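Below is one structure, written out as structure tokens; comments come after it.
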Amino acid sequence: MRWTTWRVILWKNILSKSKFERHPKCKNLSTTVSGKKRSFENYSRHNTSRSKIDLRLISGKNMSSFVILRNRHRMPVLRNALLPNMNSMGNNANIITQCRFFSDTTVNPENIFSEENRCRVQGKLTSLKPVKRVVPYREDRKDAAVLIPLCYVNNEPSLLFMVRSWKVPVHKGEVCFPGGMKDDVDLDLSQTALRETFEEIGLSSETVNIWGNMPKIPSKDGKIEVTPYLGFCGNMDISRLVLDDSEVDAVFTRTITSLCDPVNVRSTQFTNGYTLPVFLGGESRIWGMTAILLHQMLTVLAPGMYNFKLRHVRPLTAKPS
């Protein structure tokens with residue numbers, strides 16, 4: 002097999018020759034790929050098809066992208082040359098490769114909880130912008146965390162909600178996600194979400210796989226800053242959950258398909274300029290902060306399925322007579 006068809010060039014001069022040669026993953030790559038040492042200047046002469054590779058996904062290093070001029074029939078050789086440790090990565094290597102090509106348009110009820118979508122969601126969460134909410138600034142703001150439980154109910158991708166008890170001091174009878182205030186025993190806010198979930202509805206942390214967290218969102222009075230965590234809980238049977246009667250009146254689930262249905266999604270607009278989503282179609286209306294978190298989460302988790310956009314309508318003003 003001739004290897005002389007492989008050529009490597011810099012991608013728009015982003016990656017310098019010195020940095021390319023210094024990196025342990027790519028040192029002497031020209032020798033490995035082409036069979037003999039060649040100068041970088043000779044690589045740009047060949048007009049073959051291009052394949053853009055992101056080394057940050059391959060090696061974990063903070064490297065820029067470059068282009069490999071390739072022969073389409075010898076792509077497996079390039080893969081082995083660039084990823085010498087791919088076999089040692091096991092299934093994670095396959096997941097990285099699959100997530101690379103798992104786009105937003107491929108999400109559907111059959112694969113929404115798949116490993117590929119989990120990988121895509123985790124990538125989206127790192128660049129997710131926080132919700133714009135004007136609240137009073139308070140130096141004594143406290144941290145809290147909630148868990149957004151992703152689960153299967155009768156083989157249907159669903160979400161778990163709870164209804165707050167009428168015995169609690171605030172937000173009586175409202176729909177929310179399980180969670181609460183950070184305690185001194187919690188090492189981080191993810192443990193806060195898991196601990197509070199177990200205390201409120203009896204869902205063990207061992208059954209929850211945390212996918213990541215969305216940006217913090219302050220309460221309307223600015224006293225609390227809530228961090229929401231996405232957690233996959235597998236098959237869910239709500240009849241087996243043990244509820245704390247002092248905090249929880251009931252729990253229920255909604256299929257993601259029903260939450261994404263445009264018929265069940267509305268918005269409400271307040272005179273102070275806020276426009277918030279409202280989810281209908283179930284036994285309880287979902288609104289307030291829970292609806293904000295749900296709207297943001299569905300936008301990341303189920304693009305294509307959930308297409309609702311919040312639009313603020315300017316109030317009508319009377320013309321002067």
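Every number in our numbering is 1 more than the matching position in the sequence shown, counting from 1. Glycine is no exception: its CB is placed at the ideal position from the N, C-alpha and C atoms. Predicted model, so just to flag it, every value in this text is computed and none were measured.
**Report entry** residue 113 in three-state terms, based on DSSP
**Finding:** Look at residue 113 here: in three-state DSSP terms it is coil, with no helix or strand label.
- If you draw a straight line from the C-alpha of residue 308 to the C-alpha of residue 261, how long is it? Cα-Cα distance, rounded: 7 Å.
query: Which word fits residue 50, buried or exposed, when buried means at least 16 other C-beta atoms lie within 10 angstroms of its C-beta?
result: Low confidence applies here, because residue 50 scores a pLDDT of 39, under 50, leaving its location unreliable and the question unanswered by this model.
Please report the residue range of the beta strand (DSSP E) in which residue 159 lies. In the DSSP assignment, residue 159 falls within the beta strand (DSSP E) that extends over 157-165.
- By how many angstroms is the C-alpha of residue 140 removed from the C-alpha of residue 182? When rounded, the distance between both Cα atoms is 17 Å.
Quick check on residue 210: buried or exposed, where buried means 16 or more other Cβ atoms within 10 Å of its Cβ?
So residue 210 counts as exposed.
Is residue 240 near the ligand SAM - that is, is its Cβ less than 7 Å away from at least one heavy atom of it?
As presented, the structure is devoid of all ligands, the ligand SAM included, so that no description of it is given.
Length of the line joining the Cα atoms of residue 108 and residue 291: Residue 108 and residue 291: Cα-Cα distance of roughly 23 Å.
Span separating the alpha-carbon of residue 279 from that of residue 189
Taking the straight line from one Cα to the other gives about 31 Å.
In or out: residue 155 buried (at least 16 other Cβ within 10 Å) or exposed?
-> By the 16-neighbour rule on beta-carbons within 10 angstroms, residue 155 is exposed.
Which class does residue 40 belong to by DSSP, given the choice of helix, strand or coil?
Confidence at residue 40 is low in this model, with a pLDDT of 40, below 50, so its placement is unreliable and no value can be given for it.
| Residue of 216, 289 and 240 minimising C-alpha distance to residue 271 | The residue among 216, 289 and 240 with its C-alpha nearest the C-alpha of residue 271 is 289.
_residue 186 versus residue 200: straight-line alpha-carbon distance, rounded_ = Going from the Cα of residue 186 to the Cα of residue 200 covers about 14 Å.
**Prompt:** CB-CB under 7 Å to residue 217, same chain, minus the five flanking residues each way: which ones, in chain order?
**Reply:** Excluding residues within five positions, the ones whose Cβ falls inside 7 Å are 131, 226, 227 and 228.
Q: Could you tell me the boundaries of the alpha helix (DSSP H) in which residue 1 lies?
A: Nothing about residue 1 can be reported from this structure: the residues present for the chain run from 2 to 322 only.
Notebook entry, point to check: For the candidate residues 277, 302, 169 and 231, whose alpha-carbon lies nearest to that of residue 247?
Noted result: The option with the nearest alpha carbon to residue 247 is 169.
Practice task
Following the continuous beta strand (DSSP E) through residue 259, name the residue where it begins and the one where it ends.
Solution key: Segment 257-261 is the alpha helix (DSSP H) holding residue 259; no beta strand (DSSP E) there.
query = Does the beta-carbon of residue 197 have 16 or more other beta-carbons within 10 angstroms, so that it is buried, or is it exposed?
reply = The residue in question, residue 197, is buried, as its Cβ has 16 or more Cβ neighbours within 10 Å.
query = When the Cα atoms are used, what is the spatial distance from residue 205 to residue 257?
reply = The C-alpha of residue 257 is placed about 23 Å away from the C-alpha of residue 205.
- From residue 255 to residue 236, what does the alpha carbon distance come to, in whole angstroms? Answer to the nearest angstrom: the Cα atoms are 14 Å apart.
Requested in this report: Would you grab the beta carbon distance between residue 250 and residue 164 for me? Rounded to a whole angstrom, and I think it's under 8 Å.
Outcome: Indeed they touch by this definition, with Cβ atoms about 5 Å apart.
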